[in-house]
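Heads up: the structure comes next, in structure tokens.
There are 2 protein chains.
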Amino acid sequence: MIPTITAFEQSPDRGQGLARDMPVRWALEEVSQPYDVRLVSFSTLREGAHRDLQPFGQIPTYEEGDLVLFESGAIVFHIAERHAGLLPSDASARARAITWMFAALSTVEPVIVQREVSLYLESDKAWQEERLPIVEDRIRSRLVELGARLGDQEWLDGTFSAGDLLMVQVLRRLSGSNILNDYPNLGAYVARGEARPAFKRAFEAQLAVFTGKASDRQE
Amino acid sequence: MIPTITAFEQSPDRGQGLARDMPVRWALEEVSQPYDVRLVSFSTLREGAHRDLQPFGQIPTYEEGDLVLFESGAIVFHIAERHAGLLPSDASARARAITWMFAALSTVEPVIVQREVSLYLESDKAWQEERLPIVEDRIRSRLVELGARLGDQEWLDGTFSAGDLLMVQVLRRLSGSNILNDYPNLGAYVARGEARPAFKRAFEAQLAVFTGKASDRQE
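Residue numbers (the numbering used here), protein chains in the order written: chain P, 12 to 230; chain R, 12 to 230.
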């Protein structure tokens, strides 16, 4: 059964692949799973029919027969559980890969999102200029810790996993800043993720929505 | 094999059960799994031996033989996968419960943590007074959405799951404010979580660290 995901009809990041359909597309591409896309407008997000799928009025959603999921992390995990390629088969290695999924979304992403909150939601505040460097210091603290753990490894724990997929995607949110330049091993890690054929296919598919060349079916 | 978790030697919340060992203790109690606790000081968190277990210098960690995990969400999931009682056996219901785990940690918790950032890390800023209500409005938006989905259900999706455990624990972070009072069904939901025998045992165990009555083994 081919799943259907939702994505923004008009890409708020102009096709940079920072919206949350991107990690889901990437995961589906890693496991060679075709998928359909239903594009939604911002006004659709507020409607009851969409809220029935996604109570917080966000994208993506994931529909597969009667199953409806939301939360990009949960959808990536669902894909990773059902198809080989995103989680190790060894039980301990699998548990550690899942740990990195949660670390990406619950420890690293929130401090990075605060930079976007400062830039986009608090740009009219007199204190934005004072608060932004504070927010960026919190990001840097996490990056120092993450970079120390990554060291010169290719991926966070052995082979590429859903944990790396989510972590690379979270770090990509910093692409509009120069912050990652100060953490060369993390920059190289992101570049390794972006060089994966599955990433490239997912990136092209979401970019095509912005350039008007999207097909409904990705395979 | 009895796992060992880490928790703060000195409870920064004075035993209110808001530190991140609490959801892990609660999950272990729900599945009747005994566990050992190693208490760590704040200075220990910065040491290399602890960073080897937890790269971000936080608690809890989870050690079970050679397996080392961190991230409370990942640890709760690990427990839920290995013991009956925290995830439904039906595949679709299980995927939805996992969705709520990610929703708790990645959609609801970050806005709630920002209130703590404002109160504790930005209390010396002239703009704290202006920013705090903005942060609280973001929390309220999420609570409206969560409350609409919960409605008059007992739990978020059928029977109590690890998704409810994490969501209740996240909402408990608001216990020092009056915010939840405006969302009676969410307040009742938290109260139902706190009334569970496993919650009470976990709460007493973490409180005992603060009152000096802790035993190393909880069973």
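Backbone N, C-alpha and C fix where the C-beta goes; we use that ideal spot for every residue, glycine too.
Measuring straight from C-alpha to C-alpha, what distance separates residue i and residue j?
| i | j | result |
| --- | --- | --- |
| Arg107(R) | Val79(P) | 8 angstroms |
| Pro23(P) | Ala30(P) | 8 angstroms |
| Leu130(P) | Ile190(P) | 15 angstroms |
| Pro45(R) | Met178(P) | 33 angstroms |
| Ile70(R) | Asp227(P) | 44 angstroms |
| Ile123(P) | Arg151(P) | 10 angstroms |
| Val128(P) | Arg207(R) | 37 angstroms |
| Ser134(P) | Phe67(R) | 30 angstroms |
| Gln65(P) | Ala202(R) | 25 angstroms |
| Ala85(R) | Thr110(P) | 5 angstroms |
| Asp32(P) | Gly223(R) | 48 angstroms |
| Ala114(R) | Phe81(P) | 8 angstroms |
| Thr72(R) | Gly158(P) | 19 angstroms |
| Thr55(P) | Glu156(R) | 15 angstroms |
| Glu58(R) | Phe19(R) | 14 angstroms |
| Arg93(R) | Ser100(R) | 12 angstroms |
| Ala60(P) | Phe53(P) | 13 angstroms |
| Trp138(P) | Ser186(P) | 24 angstroms |
| Lys211(R) | Tyr194(R) | 23 angstroms |
| Glu141(R) | Glu165(P) | 44 angstroms |
| Ala102(P) | Phe171(P) | 16 angstroms |
| Tyr200(R) | Arg184(R) | 14 angstroms |
| Gln21(P) | Ser188(P) | 23 angstroms |
| Pro121(P) | Pro121(R) | 6 angstroms |
Once the 5 residues before and after residue i are set aside, which same chain residues still bring their CB inside 8 angstroms of it?
| i | result |
| --- | --- |
| Arg25(P) | Phe221 |
| Ala95(R) | Val42 |
| Arg160(R) | Leu167 |
| Leu176(R) | Pro34, Trp37, Ala38, Glu41, Val87, Leu97 and Gly204 |
| Met12(P) | Glu75 and Gly76 |
| Pro144(R) | none |
| Gly28(P) | Arg183, Ala213, Phe214, Gln217 and Leu218 |
Report the three-state DSSP secondary structure of residue i (helix, strand or coil).
| i | result |
| --- | --- |
| Gln21(R) | coil |
| Ile13(R) | coil |
| Gln229(P) | strand |
| Gln217(R) | helix |
| His94(P) | coil |
| Leu29(R) | coil |
| Ala199(P) | helix |
| Arg105(R) | helix |
| Pro208(R) | helix |
Tell me, to the nearest whole angstrom, how far the beta carbon of residue i is from that of residue j; I am working on the premise that it is less than 8 angstroms.
| i | j | result |
| --- | --- | --- |
| Arg49(R) | Ala213(R) | About 17 angstroms separates the two Cβ atoms, so there is no contact after all. |
| Val51(P) | Thr15(P) | Not a contact, Cβ separation roughly 11 angstroms. |
| Asn196(P) | Asp163(P) | 7 angstroms |
| Ser117(P) | Leu116(R) | 4 angstroms |
| Ala104(R) | Gly169(R) | 6 angstroms |
Ordered along the chain, which non-local residues of its own chain (more than five positions away) have a Cβ less than 6 angstroms from that of residue i?
| i | result |
| --- | --- |
| Val119(P) | Arg153 and Val181 |
| Gln229(P) | Tyr46 and Ala216 |
| Gln125(R) | Val146 |
| Lys136(P) | none |
Starting from the C-beta of residue i, find all residues in its chain whose C-beta is less than 7 angstroms away, skip the five residues before and the five after it, and write them out in chain order.
| i | result |
| --- | --- |
| Ala219(P) | Ala225 |
| Gly198(P) | Leu191 and Asn192 |
| Ala173(R) | Ala38, Val87, Phe88, Ala91, Leu97, Leu98, Ala108 and Met112 |
| Arg62(R) | Gly68 |
| Ser83(P) | Arg31, Pro34, Val35 and Pro71 |
Please check if any C-beta of chain A sits within less than 8 angstroms of the C-beta of residue i.
| i | result |
| --- | --- |
| Gly84(P) | The structure shown has no chain A; the protein chains it does contain are P and R. |
Ordered list of alpha helix (DSSP H) runs contained in the stretch 112 to 190 of chain P, each at least 4 residues: 120 to 127, 139 to 161 and 173 to 183
What runs of the beta strand (DSSP E), each 3 residues or longer, lie entirely inside the stretch 31 to 85 of chain P? 46 to 51, 72 to 75 and 78 to 81
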